[in-house]
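Visitor: Below are the structure tokens for one structure; questions will follow.
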Amino acid sequence: MPGTIYKISVDRSQNATVSDLLCLASGISKTKIKDAMTKGAVWIKKQNKQKRIRRASTLPESGAVVELYYDEALLDIVPEKGTCIKDEKHYSVWFKPSGLMSQGTLYGDHASVLRQAELFFENKRPVFPVNRLDRETAGLILLAHSKKAAAALSSLFQERRIKKTYLAMVKGHPGHMEDMGEISFSLDGKRALTRFRTIRHDPSKDVSLVDICLDTGRFHQIRRHFDMIGCPVMGDPRYGKGNKNKDGLKLFAHALEFTCPITGKTKSYHENPASFFQEGLTSPLSASTD
């Protein structure tokens, strides 16, 4: 990630706020420093513990290190808003639009659904990430509101006990309109299995809408697997040829199903994908597509 890092070691002789120290060291205006702090780009590190600092008037302790991770392009992003589709008290289910990060980086967190959730709950509840989606991917993610819930839900993902269903628009026709197809090429030297069924093929645009389930969770698994069979996901900026799309990556995590580790009840969450894919199809997509 492009950007500049400023680090200031605080000593006893300094009696200045974080914003004043950074303004002096970086030459960046105080207005921009305050904006960067609000957006999560400023940290204080002491005794190997690093913490975000958002208040410009904070007085750092002697021996602390103040850090600014400054990327003006990132800070200028006006992110789309995520949506809380279900608040289950111990966790919540959110829709993350494409372009929004799942969580922040050292350079800021304002363009992340995690930070949006903190503000949504008015910082009255802790927010912990459970699963993540690529920035380009739209769809459902889980956020936990206690360490216990985060650990329990994360275990479900690690043990493959959460069913995640995706829809993707891919170039060409991967077949398997009547049965489930499988892509089993290993990725990064590890077993990888993607199951899919083609819901529709649009011959006029030579694109297909496919329903996808993952048996494994490798890095960019869906995007890499469909590229490997010659049917890359439309709009993928990294994989495939001839699959450009002005609306971005056409990959949507539209359903989550699992047994809640806290209540023992079966939970099922769905987000309507119709509007997300309509632009790429000649004929209308039913709102009931699952």
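Last residue of the sequence shown: number 1749 in the working numbering, and the count goes up by one each step with no gaps.
Where a beta carbon is used, it is the ideal one built from N, C-alpha and C, also for glycine.
(1) When the distance is taken between beta carbons, is His-1569 closer than 8 angstroms to Lys-1510?
(2) Taking three-plus beta-carbon pairs below 8 angstroms as touching, is the region 1600–1616 in contact with the region 1576–1591?
(3) Helix, strand or coil: how does DSSP classify Val-1477 here?
(4) Can the beta-carbon of Thr-1476 be found closer than 8 angstroms to that of Ala-1532?
(5) Could you give the residue range of the alpha helix (DSSP H) that holds Val-1586?
(6) Kindly indicate which residue of Ala-1576, Lys-1505, Gln-1506 and Leu-1480 has the alpha-carbon position closest to the one of Asp-1496.
(7) Quick check on Leu-1578: buried or exposed, where buried means 16 or more other Cβ atoms within 10 Å of its Cβ?
(8) Taking a contact to mean a Cβ-Cβ separation below 8 angstroms, would you say Lys-1649 touches Arg-1683 in this structure?
(9) Indicate the three-state DSSP secondary structure (helix, strand or coil) for Met-1628 in the structure shown.
(10) Near Pro-1461, which residues of its chain fall below 8 angstroms by C-beta distance, leaving aside the five closest residues on each side in sequence?
(11) Once DSSP output is grouped into helix, strand and coil, what is the label at Met-1693?
(12) Have a look at the DSSP bridge pairing and note the partners of Thr-1653.
(13) Does the pairing of the region 1636–1646 with the region 1608–1621 give three or more beta-carbon distances under 8 angstroms?
(14) Run the CB neighbour count on Ser-1747, radius 10 Å, all protein chains shown included, and call it buried at 16 or more, exposed below.
(15) For Ser-1551, write down the residues that DSSP places opposite it in a beta bridge.
(16) By the three-class DSSP mapping on this structure, what secondary structure does Ile-1688 have?
(17) If we ignore side chains and look at the alpha-carbon of each, how far apart do Lys-1466 and Gly-1634 end up?
(18) Please classify Thr-1657 as buried or exposed, where buried requires at least 16 other C-beta atoms within 10 Å of its C-beta.
(19) Here's the rule I'm using: 16 or more other beta-carbon atoms within 10 Å means buried, otherwise exposed. How should Ala-1610 be labelled?
(20) What does DSSP give as the partner residues of Gly-1567 in its beta bridges?
Guide: Judging by the given coordinates:
(1) By one-based count along the sequence shown, residue 1510 stands at place 51. By one-based count along the sequence shown, residue 1569 stands at place 110. Taking C-beta atoms as the reference points, Lys-1510 and His-1569 fail to come closer than 8 angstroms.
(2) Under the 8 angstroms Cβ criterion, the region 1600–1616 counts as touching the region 1576–1591, having at least three qualifying pairs.
(3) As a working note, residue 1477 is residue 18 in the sequence shown. Three-state DSSP puts Val-1477 in a helix.
(4) Residue 1476 sits at position 17 when you count from the first residue of the sequence shown. Residue 1532 sits at position 73 when you count from the first residue of the sequence shown. Their beta carbons are not under 8 angstroms apart, which means Thr-1476 does not touch Ala-1532 by this criterion.
(5) Your numbering for residue 1586 matches position 127 in the sequence shown. No alpha helix (DSSP H) contains Val-1586, which DSSP labels as neither H nor E.
(6) For this step, residue 1496 is matched to residue 37 along the sequence shown. Reading off the sequence shown, one finds Met at residue 1496, where the question assumed Asp. Of the listed residues, the one whose Cα sits closest to Met-1496 is Leu-1480.
(7) Counted from its first residue, the sequence shown places residue 1578 at position 119. Around the beta-carbon of Leu-1578, fewer than 16 other beta-carbon atoms lie within 10 Å, marking it exposed.
(8) Your numbering for residue 1649 matches position 190 in the sequence shown. Your numbering for residue 1683 matches position 224 in the sequence shown. Result no, Cβ atoms of Lys-1649 and Arg-1683 do not sit closer than 8 angstroms.
(9) As a first step, residue 1628 is located in the sequence shown; it is residue number 169 there, counting from the start. Here Met-1628 sits in strand by DSSP.
(10) Residue 1461 sits at position 2 when you count from the first residue of the sequence shown. So the list reads Asp-1530 and Ala-1532, once near-sequence residues are dropped.
(11) Locating residue 1693 in the sequence shown gives position 234, counting from the first residue. Here Met-1693 sits in coil by DSSP.
(12) Within the sequence shown, numbered from 1, the residue matching residue 1653 stands at position 194. In the DSSP output, where bridge partners are listed per residue, Thr-1653 has Ile-1642 and Leu-1673.
(13) no
(14) On the sequence shown, position 288 is the one that residue 1747 refers to. For Ser-1747, the predicted structure reports a pLDDT of 43, less than 50, and the residue's modelled location is therefore unreliable. The matter cannot be settled from this model.
(15) Sequence index remark: in the sequence shown, residue 1551 carries index 92 (1-based). Answer is Asp-1546 and Leu-1602.
(16) One-based indexing of the sequence shown puts residue 1688 at position 229. The answer is coil: DSSP assigns Ile-1688 none of H, G, I, E or B.
(17) Position 7 of the sequence shown holds residue 1466. Position 175 of the sequence shown holds residue 1634. Here the C-alpha atom of Lys-1466 lies approximately 55 angstroms from the C-alpha atom of Gly-1634.
(18) For this step, residue 1657 is matched to residue 198 along the sequence shown. Label assigned to Thr-1657: buried.
(19) Here residue 1610 corresponds to residue number 151 of the sequence shown, with the count starting at 1. Ala-1610 comes out exposed.
(20) Your numbering for residue 1567 matches position 108 in the sequence shown. Gly-1567 pairs with Thr-1564.
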